[in-house]
Amino acid sequence: MALPATMSAVGLSKTGSLDDIEEFKFPVPSPSPTQILIKASGSSQRPRISQFVDGTDLPRDLPFPFAPGVDCLGTIVALPTDEGALSDGEYRVRGFAVGGKVVSASGAGIGGAGTFAEYLVAEWSDVFPVPDGISDRTVIASFAAERRGPRPHRRAHGGGRRRARASGRGVHAIFDGVGRDTFETDLACIRVKGTIVWLGFASGLVEPFAPHITGLKAVNAVAYSLDKKAGGEYVAEVFRLVASGAYKPVVYEEYPFSAVGVRETERL
1 MALPATMSAV
11 GLSKTGSLDD
21 IEEFKFPVPS
31 PSPTQILIKA
41 SGSSQRPRIS
51 QFVDGTDLPR
61 DLPFPFAPGV
71 DCLGTIVALP
81 TDEGALSDGE
91 YRVRGFAVGG
101 KVVSASGAGI
111 GGAGTFAEYL
121 VAEWSDVFPV
131 PDGISDRTVI
141 ASFAAERRGP
151 RPHRRAHGGG
161 RRRARASGRG
171 VHAIFDGVGR
181 DTFETDLACI
191 RVKGTIVWLG
201 FASGLVEPFA
211 PHITGLKAVN
221 AVAYSLDKKA
231 GGEYVAEVFR
241 LVASGAYKPV
251 VYEEYPFSAV
261 GVRETERL
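Residue numbers for the sequence shown follow UniProt numbering, beginning at 1 and rising by one.
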């Protein structure tokens with residue numbers, strides 16, 4: 001299939017406000033020998049672009065302009081050529097083929113364009129096949145929710161409620177995608193030798209703090225990561241639950257692929 005030289009994308013040329021979200025033309029990316037080229041058909045609002053607009057979660061070496069976006073649904077246009085990738089056991093298990101429907105967690109703004117673009121490239125280990133029988137909107141909602149994890153509890157006095165539910169000793173683990181606004185609550189809720197996993201910083205970066213604060217409970221603070229085999233198994237299990245009807249994600253609204261559409265998602 002002949003590819004166009006350029007593609008449409010939605011993104012930022014500078015930090016500022018939501019009004020700075022605009023439409024661009026980028027060159028269609030060329031995959032490396034270990035990457036898959038995907039023609040996108042949908043993406044989720046994850047993380048919120050406002051984190052990039054105000055510079056809160058913007059990688060320092062990211063060039064402007066760039067298109068954000070992490071999760072993507074699409075079809076495979078080109079496969080890896082690297083012999084090591086093609087012979088990898090997990091690669092074979094996933095059964096990639098040109099034209100196959102996949103989801104990907106390619107990262108935001110990689111190479112100048114994230115998933116808010118018509119085409120994207122992703123390492124094959126970050127691409128997962130989609131089974132038949134699940135609608136596109138359900139697929140992207142399920143994949144985004146699976147990668148986000150449990151929704152953080154942000155109500156007032158939430159710490160006391162969570163401690164009470166954990167017999168007053170605190171919880172074993174907290175998965176936090178909020179950051180600054182929930183950091184102190186996390187410390188109040190976690191039990192001694194518990195684990196706090198930071199998934200993101202939706203409310204902003206955590207303010208500097210004295211190391212002894214976490215040392216009082218011997219808390220483990222870790223980043224979330226998966227090996228290739230575990231990642232494939234988890235995504236497959238989510239889709240199995242969706243297909244069986246045990247897990248039913250709810251889609252609030254669909255928006256067009258445009259600067260106006262992206263701005264609207266941020267104003268919810």
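Quick reminder that beta carbons are idealized off the backbone N, C-alpha and C, glycines included.
Pull up the DSSP beta-bridge partners for residue i, would you.
{"i": "GLN35", "result": "GLU123"}
{"i": "GLY84", "result": "Bridge partners of GLY84: none, in fact."}
{"i": "THR182", "result": "Bridge partners of THR182: none, in fact."}
{"i": "THR6", "result": "PRO27"}
{"i": "GLY204", "result": "GLY179"}
{"i": "PHE66", "result": "LEU12"}
{"i": "CYS72", "result": "SER43 and SER104"}
{"i": "GLU254", "result": "Answer is none; GLU254 lacks a bridge partner."}
{"i": "PRO129", "result": "VAL102"}
{"i": "GLU22", "result": "GLY11"}
{"i": "ILE134", "result": "Answer by DSSP bridge pairing: none, since ILE134 is not bridged."}
{"i": "ILE190", "result": "VAL171"}
{"i": "ALA117", "result": "ALA9"}
{"i": "ALA78", "result": "LEU37"}
Flag this pair as yes or no: are the beta carbons of residue i and residue j separated by less than 9 Å?
{"i": "PHE24", "j": "GLY11", "result": "yes"}
{"i": "PHE175", "j": "VAL197", "result": "yes"}
{"i": "SER142", "j": "PHE209", "result": "no"}
{"i": "ARG137", "j": "GLU254", "result": "yes"}
{"i": "ALA85", "j": "THR15", "result": "no"}
{"i": "PHE96", "j": "ILE76", "result": "yes"}
{"i": "SER203", "j": "GLY179", "result": "yes"}
{"i": "ARG131", "j": "ALA230", "result": "Sequence inspection shows Pro at residue 131; the Arg mentioned does not correspond to that position. Their beta carbons are not under 9 Å apart, which means PRO131 does not touch ALA230 by this criterion."}
{"i": "GLY69", "j": "GLY114", "result": "yes"}
{"i": "PHE26", "j": "PHE257", "result": "no"}
{"i": "ALA144", "j": "SER50", "result": "no"}
{"i": "PRO129", "j": "PRO80", "result": "no"}
{"i": "ARG263", "j": "ASP19", "result": "yes"}
{"i": "LEU73", "j": "VAL171", "result": "no"}
In the DSSP assignment, find the beta strand (DSSP E) that holds residue i and state where it starts and stops.
{"i": "ALA105", "result": "101-105"}
Which residue from the options puts its Cα closest to that of residue i?
{"i": "LYS39", "options": "VAL102, VAL93, PRO63 and ASP126", "result": "VAL102"}
{"i": "GLU22", "options": "GLU264, GLY69, GLU266 and VAL260", "result": "VAL260"}
{"i": "ARG191", "options": "PRO27, THR34, LYS229 and ALA173", "result": "ALA173"}
{"i": "ALA246", "options": "TYR252, GLU253, GLU254 and GLU237", "result": "GLU237"}
{"i": "THR6", "options": "GLY179, LEU241, TYR119 and SER32", "result": "TYR119"}
{"i": "VAL235", "options": "SER30, ASP54 and ALA105", "result": "ALA105"}
{"i": "GLY169", "options": "PRO63, ARG263 and GLY194", "result": "Residue 169 is actually Arg in this sequence, not Gly. Looking at the Cα atoms, GLY194 is the closest of the given residues."}
{"i": "VAL28", "options": "LEU3, SER13 and SER50", "result": "LEU3"}
{"i": "ILE36", "options": "VAL121, VAL139 and TYR252", "result": "VAL121"}
{"i": "GLY89", "options": "TRP124, GLY100 and VAL171", "result": "TRP124"}
{"i": "VAL127", "options": "ILE134, ARG94 and ALA144", "result": "ARG94"}
{"i": "PHE64", "options": "LEU79, ALA78 and ALA9", "result": "ALA9"}
In the DSSP assignment, find the unbroken alpha helix (DSSP H) run with residue i in it and report its ends.
{"i": "VAL53", "result": "50-53"}
{"i": "PHE239", "result": "228-244"}
{"i": "ARG169", "result": "Careful: ARG169 lies outside any alpha helix (DSSP H) and carries neither H nor E."}
{"i": "ALA259", "result": "259-266"}
{"i": "GLU90", "result": "89-94"}
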